[in-house]
Amino acid sequence: MTHNEDDWLYTISSKRKLVDFNFKEIWQFRDLLFLFVKRDIITLYKQTMLGPLWYIIQPLFTSVIFTLIFNKLGNINTGIVPAFLFNLAGISAWNYFKDCLTGTSSTFTKNQSIFGKVYFPRVIMPMSITISNLLKFGIQILIFFGFYVYYILIGKDIHMNLHAFLFPVYVIMMALLGLGLGMIISSFTTKYRDLTVLVGFGVQLLMYVSAVPYPMSEARLKFPPLVATLVEYNPLTQIIEGFRYMLLNTGIFSWSGFTYTLILSIVIFLIGLVIFNRTEKQFIDTV
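If you read the sequence shown in this note's numbering, its first letter stands for residue 209, the second for the next number, and so on.
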């Protein structure tokens with residue numbers, strides 16, 4: 209007895225489109241996606257003493273260190289915005305991108321045992337990391353708003369502006385950039401394991417050219433023109449600056465920079481998806 213291919217529930221084939229983001233198949237495996245999200249959230253701090261408190265401790269301590277080194281010692285000017293709050297805003301946004309990038313950059317090497325035994329859309333794995341990191345990002349944003357209210361109560365002149373409606377768009381751009389770059393790196397680490405070492409080192413350097421511990425105005429004022437241009441056209445700089453602009457009404461914002469960053473985020477994600485899909489066909493032979 210023969211069956212028509214249209215009657216099959218699933219069709220597993222190595223033949224894939226160049227850009228294949230099969231939403232229908234991902235939706236069919238949504239329970240698995242939520243299971244991976246739950247796993248990532250529960251197991252990350254399961255055997256730690258402080259557990260989710262690390263979500264709070266890390267950005268607070270980093271903000272204090274940045275305030276002491278860059279603002280007090282380095283005389284970085286943040287205008288009327290308290291330096292600690294300025295740094296906390298930038299670090300909260302940066303941490304979400306960094307966690308998405310570092311978490312997805314080892315997708316193939318960390319999950320080779322699962323990928324080699326059972327089929328499911330491989331892109332679910334990096335997607336689950338990006339989604340689960342939203343919890344950490346949400347907690348850090350709540351901490352930020354806690355200090356935000358505190359500074360308002362003690363008389364600091366800080367406020368949001370109308371660009372705050374772009375908040376979800378900035379979160380999506382951070383997710384797309386982190387997911388896209390992570391999938392590209394993950395694909396290359398199947399053959400070149402040195403990249404796993406380079407990622408940790410490179411992410412630290414990337415933070416300092418993304419205007420996280422300083423405003424873009426200071427970069428234009430104090431950096432050499434070539435370095436200032438590099439910082440300005442870094443899409444992460446546009447995200448960090450835009451994030452602080454809409455929440456603290458400080459920094460530099462332009463619709464051209466916003467559009468450039470949005471388009472570049474989508475392009476990097478699509479490139480990452482193409483490379484990821486091509487790699488998943490043969491990665492099991494090289495990992």
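The beta carbon of each residue, even a glycine, is placed where N, CA and C say it ideally should be.
Quick one: Cα of Val331 to Cα of Phe353, how far?
33 Å
When you compare only the Cα positions, how much space is there between Lys364 and Asn285?
16 Å
For Val420, the nearest candidate out of Phe244, Lys280, Leu296 and Val245 (CA to CA)
Leu296
Please tell me whether Ile347 and Ile264 are closer than 8 Å, where the distance is taken between their beta carbons.
yes
Given Lys344, which residues of its chain have a CB within under 7 Å of its CB, disregarding the five upstream and five downstream residues?
Tyr263 and Asp307
Start and end residues, alpha helix (DSSP H) containing Ser271
Leu261 to Phe274
Return the CA-CA distance between Ala383 and Pro376, expressed in angstroms with no decimal places.
11 Å
What is the DSSP secondary structure of Val331, reduced to helix, strand or coil?
coil
Following a CB-centred definition, is Ser425 positioned closer than 7 Å to any heavy atom of the ligand MN?
Annotation note on the ligand MN: not contained in the displayed structure, which lists no ligands.
Are the CB atoms of Gly390 and Pro329 within a distance shorter than 8 Å?
no
Span of the alpha helix (DSSP H) holding Ala427?
Met424 to Lys430
At 4 residues or longer, and completely inside the stretch 395-468: list those alpha helix (DSSP H) runs for me, N to C.
402-416, 424-430, 433-440 and 443-456
When you compare the stretch 449-459 with the stretch 416-432, are there three or more beta-carbon pairs, one atom per stretch, that lie closer than 8 Å?
yes
With 16 as the cutoff for other CB atoms within 10 Å, does Trp463 come out buried or exposed?
exposed
Can you find the residues in the same chain that come closer than 7 Å, C-beta to C-beta, to Tyr359, ignoring five residues on each side of it along the sequence?
Pro290, Leu293 and Ile366
Find the nearest neighbour of Pro432 within the set Ile351, Val417 and Leu261, judged by alpha-carbon distance.
Val417
For Gly388, which residues from the same chain have a beta carbon less than 6 Å from its beta carbon, with the 5 sequence-adjacent residues on both sides left out?
Ile476, Phe477 and Gly480
For Val245, which residues in the same chain have their Cβ closer than 8 Å to its Cβ, ignoring the five residues on either side in sequence?
Ser336, Ile339 and Ser340
So Ala372 is in the alpha helix (DSSP H); what residue range does that whole segment cover?
Taken as a continuous stretch (DSSP letters only), Ala372 belongs to no alpha helix (DSSP H), as it is neither H nor E.
Tell me the rounded alpha-carbon separation between Val411 and Leu455.
25 Å
Please report the residue range of the alpha helix (DSSP H) in which Thr312 lies.
Ala291 to Thr312
Could you check what DSSP says for Asp365 in three-state terms: helix, strand or coil?
coil
In three-state DSSP terms, what is Gly282?
coil
Restricting to Cα atoms, I'd like to know which of Leu268, Asn279, Ala301 and Tyr327 is closest to Phe237.
Tyr327
Can the beta-carbon of Val379 be found less than 8 Å from the beta-carbon of Ile393?
no
Kindly indicate the opening and closing residues of the alpha helix (DSSP H) around Phe316.
Thr315 to Lys318
Where Phe244 falls: helix, strand or coil (DSSP):
helix
Go ahead and pull the three-state DSSP assignment for Gly287.
coil
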